[in-house]
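**Q** Residue 168 in UniProt numbering sits at position 168 of the sequence shown, with consecutive numbering throughout. Can you read through this structure? Questions will come right after.
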Amino acid sequence: MEARPVDLPPLQELRFELEGQDRLLVTLVSGTAEVFGYELAPQVVYPFSDELRGAIFTWHGCTLSLRGKATTEYIAQETTTPLHLNLHLALEQARLQSRPPASFFVTAQQDQTEQDEELPGPRVMVLGERNAGKSTLIKTLLNWAIRSGNGARQDLNALPLASEEDQLGPQRGVMLVNLDPSDGAMTVPGTFSIAPVYSCVPTTTPALSFGTTYSNGPSLPIILQQPSKADQASATEEALIPLEVNYNTLAPALNALSFFYGHTDWGRNDALAETQIKRLGAFLRSKLEEGGEPGLWRGGVLVDTPAELAERSRGQMLIKLVRTLGVNVIVVLGSEKLQVDITRLMSTNKSVKVLRVPKSGGVSDIDNAYRRRLRAKQIHSYFYGGPTVSCGALSPHNASILFDYLKVYRIGADFAAPSSALPLGQDMASRDLRLYDIDITESRTFPELVNHICAVLQVDDDADDEEALVSPVLGYIHLRSVDSERKRVGLLSPLAGRLPRKRLVFASLEWSES
């Protein structure tokens with residue numbers, strides 16, 4: 001298919017929605033443009049696929065070259081990006097005013113810094129209703145923060161400073177926190193995760209939207225293969241467009257720490273969520289306050305949240321999370337009523353500012369069917385990698401393990417007590433903080449096990465339930481089959497070799513490769 005030019009005027013954006021096998025290849029011919037804060041390089045092909053909903057914005061005008069087609073594609077003359085930039089500038093001002101702990105500095109710098117009281121950078125939580133565009137705003141603010149930090153380092157390079165370390169300045173970083181278990185931002189759905197981010201995050205697919213993790217294993221060399229004749233016969237014309245190898249579009253590898261919640265809906269086990277996030281908050285404070293990274297301290301924190309936290313009934317949970325994560329800025333996306341409610345809720349906490357920014361008119365209304373497909377893509381990408389030139393291909397390992405080697409546990413009970421026996425609006429499962437041993441030798445348990453995503457925990461196999469439930473995860477495996485005759489379990493692991501732990505933990509998160 002021939003390329004077609006698109007002229008984008010200043011302060012406007014090209015919005016597109018892909019469906020099914022749609023694929024769009026975009027090249028910046030002239031001018032400047034960005035996708036959710038990620039600046040496009042000129043004359044580089046950027047592939048978009050996997051039912052992505054995206055937008056390409058330009059500040060000063062640009063010319064794009066497009067190949068392929070999207071189900072929906074139009075130029076929006078009115079965008080919220082300039083208003084979101086105002087929010088970024090306010091956060092950047094807070095970063096410039098922040099003061100890291102004196103222990104981060106040495107010698108002469110330390111003597112000067114000790115005179116000032118430490119002041120943290122912005123620790124931002126974004127709240128909004130369903131389909132408000134929270135994750136997109138988080139990614140945009142993240143990319144702008146990294147780019148602003150890099151620009152500051154370039155400005156420092158022009159100054160005659162004393163040492164090479166001072167000349168480079170502290171590397172800008174931002175702590176990214178994902179509290180939305182329905183979105184596998186860095187690993188798989190059903191998790192809470194945290195990671196320091198030091199480089200901009202591209203957007204080419206909704207799967208692994210913030211990058212890959214080291215627990216996936218190393219990427220394979222990029223080798224573009226022609227589709228088979230059978231695939232060519234069934235594929236659309238756009239899907240057969242050859243892709244060019246583009247290392248600039250590879251998503252960054254994140255050193256993420258994740259906790260296995262095991263469910264994709266927030267309210268499935270409130271007690272477990274609160275307990276795990278409390279542990280996550282302890283890791284966050286340790287990284288910021290003891291990590292010795294001024295650039296990360298100033299960069300602050302960006303917290304993505306589920307839509308359920310915007311509900312009035314979750315007010316007390318929200319207060320606890322704000323305190324646990326040290327949040328000092330709450331950004332309400334879209335709803336004025338929600339802003340009023342959150343402002344009233346935080347009226348006793350004078351350290352928290354509540355701001356509101358408008359919701360983008362390009363946000364799509366995502367239905368449950370799309371969410372299920374997206375979760376399946378995210379899990380598939382965790383094991384096999386994402387699109388070849390954006391996330392890199394991976395080589396997962398199939399293993400067959402004897403029953404005797406494994407210990408399988410389910411998080412919480414698979415039943416609920418009668419509602420009449422419990423407080424209004426609660427059930428037994430929502431407060432269950434126990435691990436239940438599953439006998440994998442019994443045939444009645446086979447359907448319960450097959451196709452579940454299991455977590456391999458960092459703690460030792462003999463750790464008690466309380467310690468295991470708040471343990472970070474080494475990695476995730478897919479329980480593919482149970483062979484009662486051979487007494488073996490078939491697993492799909494992101495890495496080859498023996499499992500580092502015998503204990504596997506699962507809940508309700510399932511995935512079928514078919």
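All C-beta atoms, glycine included, are put in the ideal place defined by N, C-alpha and C. Keep in mind it's a predicted model, so treat the numbers as computed, not measured.
#1: Report all residues from its chain with a CB closer than 7 Å to the CB of Tyr-405; omit the five preceding and five following residues, and keep chain order.
#2: Roughly how many angstroms lie between the CA atoms of Arg-99 and Gly-151, to the nearest whole one?
#3: Let's test the definition: count the other Cβ atoms within 10 Å of the Cβ of Val-340 and tell me whether it reaches 16, buried, or not, exposed.
#4: Should Ser-508 be labelled buried (16 or more other beta-carbon atoms within 10 Å of its own) or exposed?
#5: Considering only C-alpha positions, which residue in the set Ile-440, Val-329 and Phe-383 is nearest to Gly-121?
#6: Output needed for Gly-490: all residues of its chain with C-beta closer than 6 Å, excluding positions within five of it in sequence on either side, in chain order.
#7: What's the call for Ile-75, buried or exposed, on a 16-neighbour Cβ count within 10 Å?
#8: Expressed to the nearest angstrom, what Euclidean distance is found between the alpha-carbon atoms of Pro-494 and Arg-298?
#9: In whole angstroms, give me the CA-to-CA distance for Thr-388 and Asp-365.
#10: For residue 516, which option in Leu-18, Gly-61, Arg-444 and Ala-3 has the closest C-alpha, if you only look at C-alpha atoms?
#11: Counting along the chain, where does the beta strand (DSSP E) carrying Asn-398 start and finish?
#12: Applying the criterion that 16 or more other CB atoms from any shown protein chain within 10 Å of the CB defines a buried residue, is Thr-72 buried or exposed?
#13: For the alpha helix (DSSP H) containing Thr-58, list its first residue and its last residue.
#14: Give the straight-line distance between the Cα atoms of Thr-113 and Thr-324, rounded to the nearest whole angstrom.
#15: Would you report the Cα separation of Ser-135 and Thr-81, rounded to the nearest angstrom?
#16: What span of residues does the alpha helix (DSSP H) with Gln-276 cover, start to end?
#17: Return the CA-CA distance between Ile-477 and Ile-194, expressed in angstroms with no decimal places.
#18: Return the first residue and the last residue of the beta strand (DSSP E) that Tyr-46 is part of.
#19: State the CB to CB distance for the pair Tyr-384 and Ala-393, rounded to an integer number of angstroms; the pair is presumed to be in contact (CB under 8 Å).
#20: Residue range of the beta strand (DSSP E) that Gly-300 falls in?
#21: With DSSP as the reference, identify every bridge partner of Asp-7, one or two as the case may be.
#22: Measuring straight from C-alpha to C-alpha, what distance separates Pro-294 and Ser-351?
#23: Please report how far the alpha carbon of Arg-15 lies from the alpha carbon of Val-301, in whole angstroms.
#24: Measure the beta-carbon distance from Lys-320 to Ser-209 and round it to whole angstroms, keeping in mind my assumption that it falls under 8 Å.
#25: With DSSP as the reference, label Arg-99 as helix, strand or coil.
#26: Nearest to His-60 by alpha carbon, out of Asn-131, Gln-93 and Glu-13?
#27: Just mark Asn-143 as buried or exposed, buried being the case when its beta carbon has 16 or more other beta carbons within 10 Å.
#28: Do you know whose CA, among Leu-504, Arg-314, Asp-183 and Leu-296, lies nearest His-263's CA?
#29: Pop quiz: Ala-253 and Gly-211 are said to be a contact at Cβ under 8 Å. What is the actual Cβ separation, rounded to whole angstroms?
#30: What separation, rounded to the nearest whole angstrom, lies between the Cα atoms of Gln-110 and Val-327?
#31: Decide if Asp-461 is buried, meaning its Cβ has at least 16 other Cβ atoms within 10 Å, or exposed.
#32: Check the DSSP bridge columns for Arg-123 and list the partner residues they point to.
#33: I think Leu-48 touches Leu-24, with their Cβ atoms under 8 Å apart; what is that distance to the nearest whole Å?
#34: Terminal residues of the continuous alpha helix (DSSP H) containing Thr-72?
#35: Rounded to the nearest angstrom, what separates Lys-337 and Gly-315 at their Cα positions?
**A** Quick look at the numbers:
#1: What you label residue 405 is simply residue 405 of the sequence shown in a count that begins at 1. Here the set comprises Lys-502.
#2: Here residue 99 refers to the residue found at position 99 when the sequence shown is read from its first residue. Here residue 151 refers to the residue found at position 151 when the sequence shown is read from its first residue. Their backbone Cα atoms lie some 19 Å apart in a straight line.
#3: For the purposes of this step, residue 340 is taken as residue 340 along the sequence shown, with counting starting at 1. Result: exposed.
#4: Here residue 508 corresponds to residue number 508 of the sequence shown, with the count starting at 1. Flag for Ser-508 reads buried.
#5: Here the question's residue 121 lines up with position 121 in the sequence shown. Closest option to Gly-121, Cα to Cα, is Val-329.
#6: Residue numbering aside, residue 490 sits at position 490 when the sequence shown is read from its first letter. Within the same chain, Gly-490 has close Cβ partners Ser-400, Arg-480 and Ser-481.
#7: Stepping through the sequence shown from its first residue, residue 75 is reached at position 75. With fewer than 16 other Cβ atoms within 10 Å, it is exposed.
#8: Locating residue 494 in the sequence shown gives position 494, where the first residue counts as 1. Locating residue 298 in the sequence shown gives position 298, where the first residue counts as 1. Approximately 35 Å, taken between the alpha carbons.
#9: Position 388 of the sequence shown, counted from the first residue, corresponds to residue 388. Position 365 of the sequence shown, counted from the first residue, corresponds to residue 365. The pLDDT assigned to Thr-388 is 47, lower than 50, so where the model puts this residue is not dependable; a value taken from the coordinates is nonetheless given after this. Going by the C-alpha atoms only, they are around 28 Å apart.
#10: Outside the shown range of the chain (1 to 514) lies residue 516, about which nothing can therefore be said.
#11: For the purposes of this step, residue 398 is taken as residue 398 along the sequence shown, with counting starting at 1. Counting along the chain, the beta strand (DSSP E) containing Asn-398 begins and ends at 397-402.
#12: Counting from 1 along the sequence shown, the entry for residue 72 is found at position 72. When all chains shown are included, Thr-72 counts as exposed.
#13: For this step, residue 58 is matched to residue 58 along the sequence shown. Where Thr-58 is concerned, there is no enclosing alpha helix (DSSP H), although the beta strand (DSSP E) it sits in stretches over 53-58.
#14: One-based indexing of the sequence shown puts residue 113 at position 113. One-based indexing of the sequence shown puts residue 324 at position 324. Note on Thr-113: pLDDT 46, under 50, position unreliable in the model; the coordinate value appears next. Roughly 27 Å separates the two Cα atoms.
#15: Counting from 1 along the sequence shown, the entry for residue 135 is found at position 135. Counting from 1 along the sequence shown, the entry for residue 81 is found at position 81. Approximately 15 Å between the Cα atoms of the pair.
#16: To locate residue 276, count along the sequence shown from 1; it is residue 276. Its alpha helix (DSSP H) spans residues 270-290.
#17: What you label residue 477 is simply residue 477 of the sequence shown in a count that begins at 1. What you label residue 194 is simply residue 194 of the sequence shown in a count that begins at 1. Distance between the alpha carbons of Ile-477 and Ile-194: 20 Å.
#18: Start at 1 with the first residue of the sequence shown, and residue 46 comes out as number 46. Run containing Tyr-46: 45-48, per the beta strand (DSSP E) assignment.
#19: What you label residue 384 is simply residue 384 of the sequence shown in a count that begins at 1. What you label residue 393 is simply residue 393 of the sequence shown in a count that begins at 1. That pair is a contact at about 7 Å.
#20: Counted from its first residue, the sequence shown places residue 300 at position 300. Note, Gly-300: premise wrong, no beta strand (DSSP E); not H, not E.
#21: Your numbering for residue 7 matches position 7 in the sequence shown. Asp-7 pairs with Thr-63.
#22: In the sequence shown, counting from the first residue as 1, residue 294 sits at position 294. In the sequence shown, counting from the first residue as 1, residue 351 sits at position 351. About 21 Å.
#23: One-based indexing of the sequence shown puts residue 15 at position 15. One-based indexing of the sequence shown puts residue 301 at position 301. Distance between the alpha carbons of Arg-15 and Val-301: 28 Å.
#24: To locate residue 320, count along the sequence shown from 1; it is residue 320. To locate residue 209, count along the sequence shown from 1; it is residue 209. So it is not a contact: roughly 27 Å between Cβ atoms.
#25: By 1-based counting over the sequence shown, the position of residue 99 is 99. Arg-99: strand per DSSP, three-state reduction.
#26: Here residue 60 refers to the residue found at position 60 when the sequence shown is read from its first residue. Taking only the C-alpha atoms, the option nearest His-60 is Glu-13.
#27: Stepping through the sequence shown from its first residue, residue 143 is reached at position 143. When all chains shown are included, Asn-143 counts as buried.
#28: One-based indexing of the sequence shown puts residue 263 at position 263. Selected option, being the one with the closest Cα: Asp-183.
#29: Counting from 1 along the sequence shown, the entry for residue 253 is found at position 253. Counting from 1 along the sequence shown, the entry for residue 211 is found at position 211. Contact flag correct, Cβ pair sits at about 7 Å.
#30: In the sequence shown, counting from the first residue as 1, residue 110 sits at position 110. In the sequence shown, counting from the first residue as 1, residue 327 sits at position 327. No answer about Gln-110 holds up, because its pLDDT of 47 lies below 50 and its placement is not dependable.
#31: In the sequence shown, residue 461 corresponds to position 461, counting from 1. Asp-461 comes out exposed.
#32: As a working mapping, residue 123 is identified with position 123 in the sequence shown. Paired residues: Val-301.
#33: Numbered from its first residue, the sequence shown carries residue 48 at position 48. Numbered from its first residue, the sequence shown carries residue 24 at position 24. In the sequence as displayed, the identity of residue 48 is Phe instead of Leu. The Cβ separation is near 5 Å, so the contact holds.
#34: Looking up residue 72 in the sequence shown gives position 72. Run containing Thr-72: none in the alpha helix (DSSP H); it sits in the beta strand (DSSP E), 72-76.
#35: If you number the sequence shown from 1, residue 337 lands on position 337. If you number the sequence shown from 1, residue 315 lands on position 315. Taking the straight line joining both Cα atoms gives about 14 Å.
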